[in-house]
Amino acid sequence: MTEDCGRCDFCKDMRKFGGPNKIRQKCRKRQCLNFGLILGKKPVSSPKRPRASHDDDYDPDQDVANDASDLPNDYMDDDYEPELVKRSPKKPRHKRSPTKGGDSRAQSKRARKEEHKREHRSEKEKSRKDDDVPRQCYGPGCTAAARPGSKYCSDDCGLKLATNRIYEVLPHRIQQWQSSICHADELNRRQLEQVRKQQMDARNTLQQLEAKRTELEKLIERAKQTPLAEDEEATDDCEESELSTYCVTCGHEVSARVAMRHMEKCFNKYESQSSYGSVYKTRIEGDNVFCDFYSPHQKTYCKRLRILCPEHSKEPKVSDDEVCGFPLVVNVFEHTGDYCNVPKKKCSKHYCWDKFRRAEIDMEIVRPEG
148 MTEDCGRCDF
158 CKDMRKFGGP
168 NKIRQKCRKR
178 QCLNFGLILG
188 KKPVSSPKRP
198 RASHDDDYDP
208 DQDVANDASD
218 LPNDYMDDDY
228 EPELVKRSPK
238 KPRHKRSPTK
248 GGDSRAQSKR
258 ARKEEHKREH
268 RSEKEKSRKD
278 DDVPRQCYGP
288 GCTAAARPGS
298 KYCSDDCGLK
308 LATNRIYEVL
318 PHRIQQWQSS
328 ICHADELNRR
338 QLEQVRKQQM
348 DARNTLQQLE
358 AKRTELEKLI
368 ERAKQTPLAE
378 DEEATDDCEE
388 SELSTYCVTC
398 GHEVSARVAM
408 RHMEKCFNKY
418 ESQSSYGSVY
428 KTRIEGDNVF
438 CDFYSPHQKT
448 YCKRLRILCP
458 EHSKEPKVSD
468 DEVCGFPLVV
478 NVFEHTGDYC
488 NVPKKKCSKH
498 YCWDKFRRAE
508 IDMEIVRPEG
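The opening residue of the sequence shown carries number 148 in the numbering used here; numbering runs sequentially from there.
Rendered as structure tokens:
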């Protein structure tokens with residue numbers, strides 16, 4: 148038989164008859180009935196023509212039918228039906244990774260993660276169950292039920308409990324903090340003592356300078372009471388007129404008799420060309436030694452010494468009968484108790500000596516550490 152019957156189960160499985168083509172067997176009418184008996188015997192060698200794999204006309208079904216037709220009739224059985232053997236599909240083999248230890252570590256890590264997730268889920272479920280159960284408020288003396296998701300029935304209960312905890316814990320903590328010695332507190336205490344000591348030294352220095360200033364003012368008052376000597380101005384004028392020196396500011400040659408007066412005026416002229424200012428006014432204890440003249444153009448306060456400021460202060464006018472009053476000394480530092488009785492306008496040796504003495508004390512007040 149060369150055509151399929153179209154009625155057996157194998158034909159119904161074929162695609163051309165509308166089947167899924169899963170069994171993939173020949174029509175039962177075209178199968179060899181003695182195929183099972185032939186498998187147990189040695190095949191008879193017979194000349195066969197070579198089968199080319201590239202022959203398009205080659206039909207394996209036709210070849211099987213031809214081979215079966217060559218068998219003797221003793222092996223033919225009309226009632227034989229071959230049984231179908233279902234083979235289990237082969238399981239794909241998994242490739243082994245080169246590092247077996249790495250897979251084991253990854254599996255253990257994955258297992259730990261899963262266990263942690265399960266524990267977390269169980270805790271969440273427990274908390275949900277606890278939240279569902281009504282709880283008593285934690286407030287002191289309160290018997291009401293707590294709000295869902297909270298430990299207290301109201302904000303007042305929470306504040307009362309927090310206040311009681313502070314009153315109970317804080318005094319003990321403060322006592323413990325005061326009993327223990329802190330290194331930072333000890334260091335700050337030492338620094339504070341050092342600062343206070345410096346303040347006391349500065350106050351003592353200022354008191355000494357104030358006493359020195361008071362003594363200077365008394366000295367100037369006593370010197371003003373010295374009687375004038377009209378004949379002393381001509382003494383040694385000839386010798387001083389022959390001497391000359393150079394000004395330290397402008398460099399010009401000047402006579403020794405008028406050198407002090409020239410140098411002072413020349414220095415004040417050049418000093419007026421520069422300014423020393425600050426945007427803040429000086430606020431110190433006692434008398435202010437700074438000029439503090441406000442310049443509206445520059446919007447600053449002058450920070451020169453008030454007694455030496457050539458820009459904002461003028462020299463006081465000297466009367467004709469005013470005495471010089473410079474305290475005379477021997478061996479540079481030893482006071483004789485006498486005073487210069489030359490008129491102040493004509494005295495060239497002690498020009499502005501009282502002004503410089505006051506400026507010296509003011510400079511020591513500004514810089515007490517000097």
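In this text, a Cβ means the ideal position worked out from N, Cα and C, and glycines have one as well.
Would you tell me roughly how many angstroms separate the C-alpha atoms of residue i and residue j, rounded to the nearest one?
{"i": "residue 373", "j": "residue 498", "result": "17 Å"}
{"i": "residue 480", "j": "residue 487", "result": "16 Å"}
{"i": "residue 509", "j": "residue 453", "result": "9 Å"}
{"i": "residue 565", "j": "residue 347", "result": "The first residue shown for the chain is 148 and the last is 517, placing residue 565 beyond what the model contains."}
{"i": "residue 492", "j": "residue 466", "result": "8 Å"}
{"i": "residue 335", "j": "residue 476", "result": "51 Å"}
{"i": "residue 319", "j": "residue 349", "result": "43 Å"}
{"i": "residue 443", "j": "residue 427", "result": "13 Å"}
{"i": "residue 470", "j": "residue 345", "result": "42 Å"}
{"i": "residue 360", "j": "residue 500", "result": "14 Å"}
Would the beta-carbon of residue i fall within 8 Å of that of residue j?
{"i": "residue 292", "j": "residue 299", "result": "no"}
{"i": "residue 174", "j": "residue 160", "result": "no"}
{"i": "residue 419", "j": "residue 458", "result": "yes"}
{"i": "residue 287", "j": "residue 308", "result": "yes"}
{"i": "residue 401", "j": "residue 391", "result": "yes"}
{"i": "residue 417", "j": "residue 450", "result": "no"}
{"i": "residue 366", "j": "residue 474", "result": "yes"}
{"i": "residue 448", "j": "residue 425", "result": "yes"}
{"i": "residue 506", "j": "residue 455", "result": "yes"}
{"i": "residue 363", "j": "residue 514", "result": "no"}
{"i": "residue 472", "j": "residue 371", "result": "yes"}
{"i": "residue 164", "j": "residue 155", "result": "no"}
Name, in chain order, the residues that DSSP records as bridge partners for residue i.
{"i": "residue 283", "result": "292"}
{"i": "residue 449", "result": "424"}
{"i": "residue 465", "result": "Residue 465 is not bridged to any residue."}
{"i": "residue 314", "result": "According to DSSP, residue 314 bridges with nothing at all."}
{"i": "residue 490", "result": "470"}
So what's residue i in DSSP terms, helix, strand or just coil?
{"i": "residue 477", "result": "strand"}
{"i": "residue 267", "result": "helix"}
{"i": "residue 485", "result": "strand"}
{"i": "residue 352", "result": "helix"}
{"i": "residue 514", "result": "coil"}
List in chain order: all unbroken beta strand (DSSP E) runs of 3+ residues lying wholly within the stretch 361 to 443.
391 to 393, 400 to 402
Which runs of the alpha helix (DSSP H) at least 4 residues long sit entirely within the stretch 319 to 354? Give them in chain order.
none
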